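In the order they appear, the protein sequences are chains A and B.
My numbering numbers the first residue of the first sequence as 11 and each following residue consecutively.
My numbering numbers the first residue of the second sequence as 4 and each following residue consecutively.
Okay, so here's the structure we're looking at.
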Amino acid sequence: MKKINLVQMKEKQKGRIAELPEGSALRNKLMSLGIYPGREVTKVSHIGLRGPAAIKVGRSVLVIGHGMASKVIVETQC
Amino acid sequence: MLKKIFLIGNPNVGKSVVFSRLTGVRVISSNYAGTTVDIMKGFLKSGEEEIEVIDLPGTYSIEPSSKAEEVAVSLLKGSPRDEFIVINIVDSTNLERNLFLTLQLIEEGLPVVVSLNMCDDAKHRGVNIDIEKLEKLLGVPVVATCAITGFGIKMLIDRFKEAKPVARNKLTHRELWQEIGNIIEQVQQLTHRHHTLRELLEDASVRPFSGMLMAIAVTFISFQAVRFIGEWLIDNVSNPVFFKFYEPLLWKLSRYLGEESFIHHLLIGDLLDGKIDFQQSLGLLTTAPYIEFAMVLPYIVSFYLILSLLEDIGILPRLAMLMDNILHRLGLHGFAIIPVLLGLGCNVPGILATRNLESRRERFIAATLISIGVPCAALQAMIFGLLGKFSGFYVTGVYLVLFLVWLVLGVLLNRVLKGVSPELLVEIPPYRIPSFAILWHKLFLRIKGFLIEAIPVVMLGVLIVNILLYFRLFEQFSLIFAPVVKGIFGLPKESAIALIMGFFRKDVAVGMLMPLGLSIKQLFIACVLLAVSFPCVATFVIMFRELGWKDFLKSCAIMLMAMLAVGASLNFVLPH
């Protein structure tokens, strides 16, 4: 088990959400989109130069800005 | 008694299409979150009664996170409980995420009917939902619908009366998601299928390299298509109509009125070498309709056709993702690309679409940048017409200058204004094949909107110019502005009137430049200035309404400074 953030995840890597950023508005928004502790997500891609990260959650693809993505922590197998 | 129906659901689940089906009112829908920024109202006839139907902007939860969502939630909570029901529209291809809002609505004790929309697309994607079981688990009526074809809408209406508040414990967000997990396990079955071409493209479009290539290709093709279709319409439709059918009629009128009369001046305008010149005569029946219908409308049609296609396929959110890092440096995030693209059609819907942005600071930057650096289709059409005659090189030049202004100004505003730029958080919709009927309705609505807004102002603009010309009042006007216009911008003093006219309508203003015999450098500067300077009066009104007077004045000051700086530097830098 290793804890990394969404930006550090590799393409196609799976992980479980472990921590969400502080701040209730942001947390609520992530939660309402289905990103909650324990949820399995798959990294799709991310755009360089501090661009956003795309992850697959259930059946939807979500794009998360660099700053926010680096504060979402996931647990991965390796 | 049932008086109101609220339509509520996640963004991009087809609420607007359901709304159109229920009320017969046509509204604009697209394949991305946040097409509806305003609240739409219409009426559903059910027997003798008329029930008000209210289409709310999409929201992921009942805790709002943008201005558009706030409006939706406050309206819902403010209505008397026993007079309305809620139709919760759910995307069946993505049931899990949609159920979060559904359960929150039920928990609130609202009378809910669930419309399981896009059921045909779900089938295509191998998603099977046990509707009876879902109904049992939720405790509210669930109806499968496919709003685009109209399937299930009648059934939906029939089950309104079954909507009742259901007792349900309030759960925390985490418990809610666990509950949703349980429900999904019981009602949803996925059949595994091979990846389709569509899915491969969807995947490629969100990867950096392939995504960027696709975006560049799409932008290039779209731009070419807009020009090609626009020019085709001008050559094959509007010009033949004006020159073959309309001109002979005008000739009869001209002879009847006599060239010297005031009425002739008003309606037909000045004859050039004894001929009617549609571009320069400046009459109410000559130049006014010619500018609108023959020079601008063809490009409006082709622009909105292409934009609507891109919207319905689902390309815009992908552009938002790819542009995010650049826009971040302008104090915006990727989603701000959508207001900019809409602004290329008309600045008014562009600025309205900034409501989807989260912070006040972001809305201010986006609206200011649109009004300064984003030329509307009417202005672009006239720039094509005026500068395109010389060379495509100048047209490209105008776009480059405007893009630079937009970039530099954005970076400056981001540095100067206090606060941070919020982060992008958006769902990437699947690619969808556009429905011809929806595309057609959308195009029709947008063109109708354009004509209603443009024609009176164009007529009035031409009328004012015409009268000022007749009484030779231009001289005085131009003298006042001569120092700035001539000294700083290097333009002849008569062009001051055109620049002022730009406040009414950009297209008429460019039309007024035509008879002045400007050099190519002067034309170039004038075109850029018309784009950079104050937007037209309609945009002004919207900006005032959206920003409030304080920010509005700030924005105006920025526009003035940008205009002076850009005009002066172009005049200084460009060779004669």
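Beta carbons are placed, not taken as given, at the ideal position from N, Cα and C, and that holds for glycine.
For clarity, every value in this text was computed on a predicted model and none was experimentally measured.
Taking Cβ positions only, does residue i come closer than 8 Å to chain D?
{"i": "Leu59 (chain A)", "result": "Of the protein chains in this structure, namely A and B, none is chain D."}
Assign residue i to one of three DSSP states: helix, strand, or coil.
{"i": "Thr290 (chain B)", "result": "helix"}
{"i": "Ala568 (chain B)", "result": "helix"}
{"i": "Phe9 (chain B)", "result": "strand"}
{"i": "Leu119 (chain B)", "result": "strand"}
{"i": "Gln23 (chain A)", "result": "coil"}
{"i": "Phe527 (chain B)", "result": "helix"}
{"i": "Glu52 (chain B)", "result": "strand"}
{"i": "Val414 (chain B)", "result": "helix"}
{"i": "Thr62 (chain B)", "result": "coil"}
{"i": "Val16 (chain B)", "result": "coil"}
{"i": "Thr86 (chain A)", "result": "strand"}
{"i": "Leu285 (chain B)", "result": "strand"}
{"i": "Lys66 (chain A)", "result": "strand"}
{"i": "Gln192 (chain B)", "result": "strand"}
{"i": "Ala170 (chain B)", "result": "coil"}
Using only CA atoms, which one of the options lies nearest to residue i?
{"i": "Gln525 (chain B)", "options": "B:Gly490, B:Pro83, B:Leu179", "result": "B:Gly490"}
{"i": "Phe484 (chain B)", "options": "B:Glu497, B:Arg475, B:Tyr473", "result": "B:Glu497"}
{"i": "Val531 (chain B)", "options": "B:Pro437, B:Ala565, B:Lys553, B:Val411", "result": "B:Ala565"}
{"i": "Tyr397 (chain B)", "options": "B:Gly520, B:Leu563, B:Leu577", "result": "B:Leu577"}
{"i": "Glu188 (chain B)", "options": "B:Leu521, B:His176, B:Leu98, B:Ser522", "result": "B:Leu98"}
{"i": "Phe22 (chain B)", "options": "B:Gly233, B:Lys48, B:Tyr259", "result": "B:Lys48"}
{"i": "Ile373 (chain B)", "options": "B:Glu55, B:Val143, B:Ala534, B:Ala440", "result": "B:Ala534"}
{"i": "Lys509 (chain B)", "options": "B:Gln191, B:Leu494, B:Val540, B:Ile523", "result": "B:Val540"}
{"i": "Arg332 (chain B)", "options": "A:Gly48, A:Leu59, A:Gly33, A:Arg49", "result": "A:Leu59"}
{"i": "Ile65 (chain B)", "options": "B:Ile523, B:Leu106, B:Val304, B:Ser438", "result": "B:Leu106"}
{"i": "Ser33 (chain B)", "options": "B:Ile237, B:Arg258, B:Leu312", "result": "B:Leu312"}
{"i": "Val93 (chain B)", "options": "B:Glu72, B:Arg84, B:Ile134, B:Glu73", "result": "B:Ile134"}
{"i": "Tyr302 (chain B)", "options": "B:Glu314, B:Glu262, B:Ser225", "result": "B:Ser225"}
{"i": "Gly464 (chain B)", "options": "B:Leu260, B:Lys18, B:Lys44, B:Gly514", "result": "B:Gly514"}
Taking the C-alpha atoms as reference points, what is the distance between residue i and residue j?
{"i": "Lys70 (chain B)", "j": "Thr542 (chain B)", "result": "20 Å"}
{"i": "Ala457 (chain B)", "j": "Ala380 (chain B)", "result": "12 Å"}
{"i": "Gly50 (chain B)", "j": "Leu10 (chain B)", "result": "21 Å"}
{"i": "Glu29 (chain A)", "j": "Met19 (chain A)", "result": "15 Å"}
{"i": "Gly12 (chain B)", "j": "Leu179 (chain B)", "result": "17 Å"}
{"i": "Phe547 (chain B)", "j": "Arg363 (chain B)", "result": "14 Å"}
{"i": "His176 (chain B)", "j": "Ile183 (chain B)", "result": "11 Å"}
{"i": "Leu5 (chain B)", "j": "Leu102 (chain B)", "result": "25 Å"}
{"i": "Ala589 (chain B)", "j": "Ala501 (chain B)", "result": "Outside the shown range of chain B (4 to 579) lies residue 589 (chain B), about which nothing can therefore be said."}
{"i": "Ile375 (chain B)", "j": "Glu250 (chain B)", "result": "37 Å"}
{"i": "Met471 (chain B)", "j": "Asn350 (chain B)", "result": "A small correction: the amino acid at residue 471 (chain B) is Leu; Met does not occupy that position in the sequence shown. Looking at the two C-alpha atoms, the distance is approximately 28 Å."}
{"i": "Lys278 (chain B)", "j": "Ala150 (chain B)", "result": "55 Å"}
{"i": "Val20 (chain B)", "j": "Glu478 (chain B)", "result": "54 Å"}
{"i": "Leu79 (chain B)", "j": "Gln227 (chain B)", "result": "45 Å"}
{"i": "Leu253 (chain B)", "j": "Gln282 (chain B)", "result": "14 Å"}
{"i": "Gly1 (chain B)", "j": "Ile57 (chain B)", "result": "The structure shown does not extend to residue 1 (chain B), since chain B is modelled only from 4 to 579, so the question has no answer here."}
{"i": "Ile545 (chain B)", "j": "Leu310 (chain B)", "result": "22 Å"}
{"i": "Leu72 (chain A)", "j": "Glu361 (chain B)", "result": "17 Å"}
{"i": "Val28 (chain B)", "j": "Ile88 (chain B)", "result": "20 Å"}
{"i": "Leu347 (chain B)", "j": "His197 (chain B)", "result": "39 Å"}
{"i": "Ala125 (chain B)", "j": "Gln191 (chain B)", "result": "11 Å"}
{"i": "Arg321 (chain B)", "j": "Val343 (chain B)", "result": "14 Å"}
{"i": "Arg128 (chain B)", "j": "Asp161 (chain B)", "result": "29 Å"}
{"i": "Met324 (chain B)", "j": "Phe406 (chain B)", "result": "19 Å"}
Is the beta carbon of residue j closer than 8 Å to that of residue i?
{"i": "Val115 (chain B)", "j": "Leu108 (chain B)", "result": "yes"}
{"i": "Leu335 (chain B)", "j": "Ala370 (chain B)", "result": "no"}
{"i": "Asn15 (chain B)", "j": "Gly81 (chain B)", "result": "no"}
{"i": "Thr52 (chain A)", "j": "Lys39 (chain A)", "result": "no"}
{"i": "Ile31 (chain B)", "j": "Lys451 (chain B)", "result": "no"}
{"i": "Glu339 (chain B)", "j": "Leu330 (chain B)", "result": "Rather than Glu, the amino acid found at residue 339 (chain B) in this sequence is Ala. Going by C-beta atoms, Ala339 (chain B) is nearer than 8 Å to Leu330 (chain B)."}
{"i": "Tyr293 (chain B)", "j": "Phe231 (chain B)", "result": "no"}
{"i": "Ser42 (chain A)", "j": "Tyr63 (chain B)", "result": "yes"}
{"i": "Ser77 (chain B)", "j": "Ala35 (chain A)", "result": "no"}
{"i": "Gly317 (chain B)", "j": "Pro211 (chain B)", "result": "no"}
{"i": "Ile45 (chain A)", "j": "Ile27 (chain A)", "result": "yes"}
{"i": "Ser558 (chain B)", "j": "Phe367 (chain B)", "result": "yes"}
{"i": "Asp327 (chain B)", "j": "Leu427 (chain B)", "result": "yes"}
{"i": "Lys81 (chain A)", "j": "Pro47 (chain A)", "result": "no"}
{"i": "Ala147 (chain B)", "j": "Leu193 (chain B)", "result": "no"}
{"i": "Arg130 (chain B)", "j": "Thr152 (chain B)", "result": "The question names Arg, yet the displayed sequence has Val at residue 130 (chain B). No, Cβ-Cβ distance for Val130 (chain B) and Thr152 (chain B) is not below 8 Å."}
Exercise. Output, in sequence order along the chain, the residues in the stretch 65–78 of chain A whose CB is closer than 8 Å to any CB in chain B.
Key: Those residues of the stretch 65–78 of chain A placed with their C-beta closer than 8 Å to a C-beta in chain B are Val67, Gly68, Arg69, Ser70, Val71, Leu72, Val73, Ile74, Gly75, His76, Gly77, Met78, ordered along the chain.
Exercise. May I ask you to list, following chain order, the residues of the stretch 197–216 of chain B that have a beta carbon less than 7 Å from some beta carbon of chain A?
Key: Residues Val209, Arg210, Pro211.
Quiz item: What residues in the stretch 53–66 of chain B have a beta carbon less than 8 Å from any beta carbon of chain A?
Solution: Of all residues in the stretch 53–66 of chain B, the ones placed with a Cβ closer than 8 Å to any Cβ belonging to chain A are Tyr63, Ser64, Glu66, in chain order.
Practice problem: Taking a Cβ distance cut-off of 7 Å, strictly less, list which residues of the stretch 89–117 of chain B are near chain A, in chain order. | Solution: For the stretch 89–117 of chain B, which is checked against every Cβ of chain A, the residues closer than 7 Å are Thr96, Asn97, Glu99, Arg100, Phe103.
Exercise. Taking only beta carbons into account, state which residues of the stretch 319–344 of chain B come closer than 8 Å to chain A, listed in chain order.
Key: Listed by position along the chain: Pro320, Ala323, Met324, Leu325, Asp327, Asn328, His331, His336, Gly337.
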